[in-house]
Every structure is written in C-alpha cells, then in structure tokens.
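Colleague:
There are 2 protein chains.
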Amino acid sequence: MTRQGSVRAESGPITISVDAMGGDRGPGAIIAGMGRAARDNPDIHFLVHGAAAKLEPLVAKRRDLSGRCKVRDAEGVVTMDAKPSHAMRNGKGTSMWSAIEAVRDGEAQVCVSCGNTGALMAMSMVRLRKIPGINRPAIACLWPSRNSGGFNVMLDVGADIRADAEDLLQYALMGTSYARVGLGLPRPRIGLLNVGTEEHKGRAELKLAHDMIAAASETAQFDFVGYVEGGDIPSNRVDVIITDGFTGNVALKTGEGTAKLIRELLREAFNHTILSRFAALLAITSLRRLAKRIDPRQVNGGVFLGLNGTVVKSHGSADATGIAAAIKLAAELGQADFPERIAARVASLSDTGQGGRTSGQVYGTHK
Amino acid sequence: MTRQGSVRAESGPITISVDAMGGDRGPGAIIAGMGRAARDNPDIHFLVHGAAAKLEPLVAKRRDLSGRCKVRDAEGVVTMDAKPSHAMRNGKGTSMWSAIEAVRDGEAQVCVSCGNTGALMAMSMVRLRKIPGINRPAIACLWPSRNSGGFNVMLDVGADIRADAEDLLQYALMGTSYARVGLGLPRPRIGLLNVGTEEHKGRAELKLAHDMIAAASETAQFDFVGYVEGGDIPSNRVDVIITDGFTGNVALKTGEGTAKLIRELLREAFNHTILSRFAALLAITSLRRLAKRIDPRQVNGGVFLGLNGTVVKSHGSADATGIAAAIKLAAELGQADFPERIAARVASLSDTGQGGRTSGQVYGTHK
C-alpha cells in the first residue's frame, strides 16, 4: 500500500542527491532502487556519490537511469560504526559528505543516504545548518496505522535523546508541515506521547509542552488531541505523534521488533501442517496484501526536519524496494519546497509571540 | 502457549487475595477466572473481596470454588479514574484495600486486582511497604518472545516515571529473581534498554547503570548482555529488559498496539474474498495457535516487585481467560516465597558492597 493523498501539486523536475556507499547491501541495491524510483516518476533526476569506478557500470546497466543520473566520484566511505564526531571531523571526501554538499550548493533539492544515522545527522547539521528558530532538528518516521492514508508520523525518533518543552512545540510545528506535504493532511491531528492521560502522570516538561502546543494549534493550523499513549501510535486517534528522540527511538524499534516477531510466527504457523500450507496457497493474495501493508520497506525513510535542506535516511539494511520508497518520499518533499514551509510555519508562530525561545517564559507562568 | 519451565518445586496450599470489584467487566468475569484457575491448580484457595451480596451467588455457582473460596465483604470500590493520592486517603473499606490488607496480615500470600494501577501501587506501597534496600518498586510484565520459554520479562513498565542508576541496578536484581521463579531460568540474561550500543549514545544515568549492573552480575548470578534496543525486547538475545517506567510503559503499549493492529489486519485479509475465507477455515488450527501465542490475555499480569508481599495487576479489560492467567502467575510467585527471594538477593549485594544507596558513590568515581 502506498501513502495516499500525498500532495503532488508542485511537480516538476527534481534532482535527488544519493549517497551510494552507505547501506549494508552495497551500491548495487541502491542503484537498483534508484532505477525503480526513476521508472515510476519521470520528474526525478539523480546526482549519485561514491566510487565512480564502481558506480558507473551499475548506472549504465539501468535503462531507466539513462540520461538522468550523474555520478560524482567520492572515494571515502563513512562506516556504520563510526562515531558522529569522528565522521564529521574526517568526513570530507566521503560519499556522505559529498551528497549533503550537493544540497547545500543547490545542485540537488534532497539528499538520500542509507548510511550511519548519527554521522549523517551530525554532517547535515554542520553543512546545512538549522532553520532559524529551530533549536533541535528531529527525525520523523512513518508508522503503519488505522488512518485513512494508512500511516502516522512520529518524531523525534532519534536525532537527539533530549527534548525540552520548547523543542516538543517545534516538533509539533515541523510534524504539521510534514503531515501536510507527506500525507496530504491539511489540518493534522497532533498528539503528545505520555504514559497516561491523567494529570498526575508524566514528566514536568510534558505538562509544559502540552500547554504550549495547545496554545499554538490555532495559529499553526493543527488539531491538538492532547496526550496519547504507546497504544495510540498505530491508531486513528492521531496523525502526528510528538516525543523526545530517546522514547521515540525505543517505540519505533519496539514496534518494528513486534511486527517482525508476528511475521515470523505467522510464517511458522502456515508451515506447520500440509493443510495449513495448502491454506496459505489459497490465501496467498490476502496474505501478500497484509504483508505489504505492514512491510517496513514501504515506510522506509526517516526524514531529518529542521535543516536548510531535506535529508532522508533510509534503513541501512534497505533493499531496492526500500530504497525506491525512500527516494519517492524524498521526491515528494523536494517538490514541495519542504524546508521553506517549515521555516514559514515557525516564523509565523514567532510573529504572534507563541514561539521562539525568547518568549518561552510566558508559558511558565500560566497553566 | 503457557509459560514453560516455571519453578513449581515449592508447591503447597496457597491463598490468593482477589479484589473482585476492579476491572471493566465486573465481578462476573473475575469469579469465572478464579473458577478456571482453581480447576487447573488444586493448591489454590481464595479470599475474595467486594460486595458480599453480589459475590456470594457468583461464587456459589462455580463448583470448582466450592470449599476453597471465602468472601470478605467490602462495599467501597476504587474507580478506574481515581487519582492514586485520593484513593489512598479514602481507600479504607474498598475491595482493593481489603485485598491488600489480607496479604499484609498474612491471611493470603499474593494479591490480584484488575483495578486502577496507580491506586493499587500507591496502596500497596503504603500498606505492604518496600523491601529494605529497595528505593523504587517496579512493575514487571511478560512479553512474547523468541526465547525457549516463549516470554521475556521487562521492568519497570509504569510504577514510576523516573529511575536513576541505582534504581536500574535494583530492577536488575528484582528481574533476576522474577525470571528465576516465573520463567525457571537459573541464570537469566539481563539487558539495559537504550537507543544504541555506541558509547556516545544514551543518557548519563544509563552509562552509570551499565557499569553498576555489569559489576553486580557475578554476585547476583545473572549474565549481563549490556545495552539492548527496542527491537531486542521480543528477541532471544535477552531474558530480562531493564528500563525506567516511562520508557517501559511506552514500549509495552506500543508493542500491544502494534500486535493489535496486525491481528485486525490479518482478520480483514482473511475476510477479503470467498477464497481467503475458505483458506482461513483450512488453516484455523494454525491461526489459533498463532493467536494464542501472541494473545495478550496469556501474558496478563503485571507484577509489583520490591514490596513485602506480591501484588499482581491484571488488565482492567481482562476476561475470565486473562484473570485465570494472572491468578496462575500469582500462585507460582506465592508458592516460591517471592519477596523473601528478592530481599535476600538485594541484601547479598549490599553485603559485598555492590549495592545499597549508601555505597552508590563508589560507582561515581570509576568507569
């Protein structure tokens, strides 16, 4: 199932900068994913970064990429276990650095990488810089849900392990922009992740954030549904779930792990007897439909929000299908001038005195 | 699937104190669950608390409870939305209070309630008191997993939203005792929940807790596998997952919500065509096996650890199957003198200078 209702109004040629050397499956899977995305969307062009000697034959093999893909040689590779600080200091000349640089220089509108998340975020922060008024960038992910579009958005899922009340408000603004562009929701429902809905529960910064987000909802054009719990993440109660990067990362990986366990058990159940194997054959179309609906590859693509330029982080283990999904998402965001939209939303709230760190004290004095 | 390998050596008659007035389905479901548990385990006796006029006819109807169940009249009921502080001040005379009191007075070994979690924890803290050396009690839950026994343990899943390094160490000790008694694992594998395994990730208290738990593993007879991530919770990498109550509660509810979504989608997939409905009929045994494996009712029962007396919190929405599972777990813990085991483990670590708040500074000075 693909994401429905995406805003595609701003279509037009778009260049996507791809780091071809990250990822566990090597450049072959990445170039194959690029080929699929190119076939589905004729507006997409690529600037791909990595060892040219390896990449050029792979690109040449894909008819769909013919005339639409430039290779930029970059010998260095950021390893998956590199520390972000080390990668940042020594990253110049790597494919990751080069891919981000192309967005910075305006050669491409969006960057896609399967590489080391921490390094990618650190480099993106330094090279693209934060949007004025944003304190902490965030990573947003899509989550299979009961919503009409089939997906919810959650942020932050791991850009930063901390978030204060002001950061959570900014996540709400950025999540609103993302849901409008990525999910086609004109007025998304925003929820703040907590352990309960009772007043006595939850941390102090969450209570403050609750009031700040509620106060901003009218100006920033979202509906605030208040606190939501872990069980609401895949529900139709909410479109965008706001949380700090520690909690969000644990929740994301817990959900993925649970889905994986159930998929494995389902496969075992259908392999258990001859009768159940026959039943699986009969139900193959239904089972495939279900598998696609909860296929993590379809929601592959964490988006870095809050930077002057959009960066899409694909799973390190993504295959061609996963890479193609991430590129498709990147193209939608790039065609919608996404960072400008976030900047405008943050600025509009600051203008009304409802946002910005300087006015934070206002919220401390009233409930 | 039932939990395998449980330690049942200490069998003998046991009295379980049941709060019959909590829960969304009323006392009928609770008494029915008691009947089932009684049928399966001839050692169990009950002391059940609530409105006698309602309970006595329900008990009389169940042959399995004949001669094994006393009713204690308690008119008051703690509502599901009551604040813990209010319930504690005004709780005397409620079925919940009476059920806890029976454990305090030694009339019963374990208390089971489907009522308001916050109120149950607050009352249990005040009436049963903490085990000497324990700073924060915790709630432990079972989680369907890839382990040979089919379940992992996670704590804390919501007793307290905070936990410092010392608390996390105590959770490791309590979780070890629980895994030995509840899962029959002589030397459980303990993991500390974090967002990554790299040194630079995670919060400061987690780094400290990591070193403290590692230092205690030999004395306290567990294997420390270090940091684990959300995806490891249902895995066979670890038996006991240690985290603070905020993160644990979000993870638990996220896992439950994900499993629920997949169950619903699976049902829809098999209802989609006549062929798939026929296939579901053929595969009914396999599908039921799977459903039972991930049935939240089978893992129904959060256990309060760290108190002088064991309290099992069942889901508010639990039906007779869920209640019976919670009572079965309660009986196993009660028959094993569970709080004494935890007390002994905590004391043994204090004796060697590896535990106890007074020696906490030791850990601050070295890595």
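These protein sequence lines map, in sequence, to chains A and B. The numbers in the UniProt record's numbering rise by one with no breaks, and the one at position 361 of the first sequence is 361. The numbers in the UniProt record's numbering rise by one with no breaks, and the one at position 192 of the second sequence is 192. The beta carbon of each residue, even a glycine, is placed where N, CA and C say it ideally should be.
Start and end of the alpha helix (DSSP H) containing B/Phe278?
Modeller: Along the second sequence, read from residue 1 onward, the residue named residue 278 of chain B stands at position 278. That run of the alpha helix (DSSP H) goes Ile274 to Leu282.
Colleague: From the DSSP output, in three-state form, read off B/Asn152 for me.
Modeller: Here the question's residue 152 of chain B lines up with position 152 in the second sequence. Reduced to three states, the DSSP call for B/Asn152 is strand.
Colleague: With 16 as the cutoff for other CB atoms within 10 Å, does B/Arg237 come out buried or exposed?
Modeller: Counting from one through the second sequence, the residue named residue 237 of chain B turns up at place 237. Per the 10 Å Cβ criterion, buried.
Colleague: Assign B/Ser350 to one of three DSSP states: helix, strand, or coil.
Modeller: Mapped onto the second sequence, residue 350 of chain B falls at position 350. In the structure shown, B/Ser350 sits in a helix (DSSP, three-state: H, G or I).
Colleague: DSSP three-state call for A/Gly356: helix, strand or coil?
Modeller: Locating residue 356 of chain A in the first sequence gives position 356, where the first residue counts as 1. Note that A/Gly356 scores 44 on pLDDT, short of 50, meaning its location in the model is unreliable; the coordinates nonetheless yield the value given after this. Coil at A/Gly356, not helix or strand.
Colleague: Which term fits A/Lys328, buried or exposed, when burial requires 16 or more other beta carbons within 10 angstroms of its beta carbon?
Modeller: Taking the first sequence and counting its residues from 1, the one referred to as residue 328 of chain A is at position 328. Buried, because 16 or more other Cβ atoms sit within 10 Å of the Cβ of A/Lys328.
Colleague: Tell me, please, whether the CB atom of B/Gly231 is closer than 8 Å to any CB atom in chain A?
Modeller: Here residue 231 of chain B is taken as the residue at index 231 of the second sequence, counted from 1. Cβ-Cβ to chain A under 8 Å: yes for B/Gly231.
Colleague: Please list the terminal residues of the continuous beta strand (DSSP E) segment that includes B/Lys313.
Modeller: Here residue 313 of chain B corresponds to residue number 313 of the second sequence, with the count starting at 1. Thr310 to Lys313 is the span of the beta strand (DSSP E), which, as asked, contains B/Lys313.
Colleague: Could you please tell me which residues of the region 88-116 of chain A, in chain order, have their CB closer than 9 Å to any CB of chain B?
Modeller: Answer set for the region 88-116 of chain A: empty.
Colleague: Roughly how many whole angstroms lie between the Cα atoms of B/Thr243 and B/Gly231?
Modeller: On the second sequence, residue 243 of chain B is found 243 positions in, with the first residue counted as 1. On the second sequence, residue 231 of chain B is found 231 positions in, with the first residue counted as 1. Going from the Cα of B/Thr243 to the Cα of B/Gly231 covers about 14 Å.
Colleague: Ends of the beta strand (DSSP E) at B/Val113?
Modeller: Residue numbering aside, residue 113 of chain B sits at position 113 when the second sequence is read from its first letter. Reading off the sequence, residue 113 of chain B comes out as Ser, not Val. Its beta strand (DSSP E) spans residues Val110 to Ser113.
Colleague: I'd like the list of long-range same chain contacts for A/Asp160, defined as Cβ closer than 7 Å, with 5 residues on each side in sequence excluded.
Modeller: Residue 160 of chain A sits at position 160 when you count from the first residue of the first sequence. Arg136 and Gly245, listed in sequence order.
Colleague: Does B/Leu333 come out as helix, strand or coil in the three-state DSSP assignment?
Modeller: As a working note, residue 333 of chain B is residue 333 in the second sequence. Of the three classes helix, strand and coil, the one that applies to B/Leu333 here is helix, per DSSP.
Colleague: Are the CB atoms of B/Ser113 and B/Asp19 within a distance shorter than 8 Å?
Modeller: The residue given as residue 19 of chain B occupies position 19 in the second sequence. The residue given as residue 113 of chain B occupies position 113 in the second sequence. Yes, Cβ-Cβ distance for B/Asp19 and B/Ser113 is below 8 Å.
Colleague: Between A/Leu307 and A/Leu128, how many whole angstroms is the CB-CB distance? I'm expecting something under 8 Å.
Modeller: Position 307 of the first sequence, counting from 1, holds the residue named residue 307 of chain A. Position 128 of the first sequence, counting from 1, holds the residue named residue 128 of chain A. Yes, A/Leu307 and A/Leu128 are in contact; Cβ-Cβ is about 4 Å, under 8 Å.
Colleague: How big is the Cα-Cα spacing for A/Ala331 and B/Phe270?
Modeller: Within the first sequence, residue 331 of chain A is the residue found at index 331, counting from 1. Within the second sequence, residue 270 of chain B is the residue found at index 270, counting from 1. Going from the Cα of A/Ala331 to the Cα of B/Phe270 covers about 35 Å.
Colleague: Quick one: give me the first and last residue of the beta strand (DSSP E) that B/Pro144 is part of.
Modeller: The count along the second sequence starts at 1 and reaches residue 144 of chain B at position 144. That run of the beta strand (DSSP E) goes Ala138 to Pro144.
Colleague: Since B/Asn249 and A/Val157 should fall inside the 8 Å C-beta cutoff, what is the C-beta to C-beta distance between them, to a whole number of angstroms?
Modeller: Translated into the one-based positions of the second sequence, residue 249 of chain B becomes position 249. Translated into the one-based positions of the first sequence, residue 157 of chain A becomes position 157. 18 Å between Cβ atoms; not a contact.
Colleague: Which partner residues of B/Phe224 appear in the DSSP bridge assignment?
Modeller: Looking up residue 224 of chain B in the second sequence gives position 224. Note: B/Phe224 sits in a beta bridge opposite B/Ile190.
Colleague: What span of residues does the alpha helix (DSSP H) with B/Val250 cover, start to end?
Modeller: Stepping through the second sequence from its first residue, residue 250 of chain B is reached at position 250. Here the alpha helix (DSSP H) through B/Val250 covers Gly245 to Phe270.
Colleague: Can you tell me the Cα-Cα spacing of B/Ala318 and B/Gly23, whole angstroms?
Modeller: Translated into positions along the second sequence, residue 318 of chain B becomes position 318. Translated into positions along the second sequence, residue 23 of chain B becomes position 23. C-alpha separation (whole angstroms): 7 Å.
Colleague: Please confirm if A/Ile236 has its CB atom under 8 Å from at least one CB of chain B.
Modeller: If you number the first sequence from 1, residue 236 of chain A lands on position 236. What sits at residue 236 of chain A in the sequence shown is Asn, not Ile. Not closer than 8 Å to any Cβ of chain B, the Cβ of A/Asn236 fails to qualify, so no.
Colleague: Got a sec: is the Cβ-Cβ distance from B/Thr254 to anything in chain A below 8 Å?
Modeller: As a first step, residue 254 of chain B is located in the second sequence; it is residue number 254 there, counting from the start. Output row for B/Thr254: interface = yes.
Colleague: Could you check where the alpha helix (DSSP H) with A/Asp40 kicks off and where it finishes?
Modeller: Within the first sequence, the letter at position 40 stands for residue 40 of chain A. Run containing A/Asp40: Pro27 to Asp40, per the alpha helix (DSSP H) assignment.
Colleague: Mind checking if B/Leu168 is an interface residue toward chain A, Cβ cutoff 8 Å exclusive?
Modeller: Counted from its first residue, the second sequence places residue 168 of chain B at position 168. Closer than 8 Å: no.
Colleague: Considering only DSSP beta bridges, list what B/His210 is partnered with.
Modeller: Residue mapping note: residue 210 of chain B aligns to position 210 of the second sequence, counting from 1. According to DSSP, which records beta bridges pairwise, B/His210 is partnered with nothing at all.
Colleague: Would you mind giving the Cβ-Cβ distance between A/Ala179 and A/Ala122, rounded to the nearest angstrom? I have them listed as a contact below 8 Å.
Modeller: Here residue 179 of chain A corresponds to residue number 179 of the first sequence, with the count starting at 1. Here residue 122 of chain A corresponds to residue number 122 of the first sequence, with the count starting at 1. A/Ala179 to A/Ala122, Cβ: 26 Å. No contact.
Colleague: Based on Cα-Cα distance, which residue from B/Phe278, B/Asp239, B/Leu349 and B/Ser235 lies nearest to A/Ala259?
Modeller: Reading the first sequence from its first residue, position 259 is the one you call residue 259 of chain A. Nearest of B/Phe278, B/Asp239, B/Leu349 and B/Ser235 to A/Ala259, Cα basis: B/Ser235.
Colleague: Quick one: measure Cβ to Cβ for B/Ala38 and B/Ile44, integer angstroms, because I've assumed they're closer than 8 Å.
Modeller: The count along the second sequence starts at 1 and reaches residue 38 of chain B at position 38. The count along the second sequence starts at 1 and reaches residue 44 of chain B at position 44. B/Ala38 to B/Ile44, Cβ: 6 Å. Contact.
Colleague: Per DSSP, residue 374 of chain A forms a beta bridge with which residues?
Modeller: With chain A covering only 1 through 367, there is no way to say anything about residue 374 of chain A.
Colleague: For chain B, find out if any of its Cβ atoms is closer than 8 Å to the Cβ of A/Gly316; answer yes or no.
Modeller: Within the first sequence, numbered from 1, the residue matching residue 316 of chain A stands at position 316. Output row for A/Gly316: interface = no.
Colleague: Please classify B/Thr79: is it buried, with 16 or more other beta-carbons within 10 angstroms of its beta-carbon, or exposed?
Modeller: Within the second sequence, residue 79 of chain B is the residue found at index 79, counting from 1. B/Thr79 comes out exposed.
Colleague: Would you mind telling me which residues of chain B sit closer than 7 Å to A/Pro137, beta carbon to beta carbon, in chain order?
Modeller: As a first step, residue 137 of chain A must be located in the first sequence, where it is residue number 137. Those do not exist, as A/Pro137 stays about 16 Å from chain B at its closest Cβ, beyond 7 Å.
Colleague: So what does B/Ile161 bridge to, in DSSP terms?
Modeller: Position 161 of the second sequence, counted from the first residue, corresponds to residue 161 of chain B. B/Ile161 pairs with nothing; no bridge assigned.
Colleague: Just curious, the beta strand (DSSP E) that A/Ser17 is in, first and last residue?
Modeller: Position 17 of the first sequence, counting from 1, holds the residue named residue 17 of chain A. Run containing A/Ser17: Ile14 to Asp19, per the beta strand (DSSP E) assignment.
Colleague: Is it buried or exposed, A/Pro144, if we count other Cβ atoms within 10 angstroms and call 16 or more buried?
Modeller: Residue numbering aside, residue 144 of chain A sits at position 144 when the first sequence is read from its first letter. Per the 10 Å Cβ criterion, buried.
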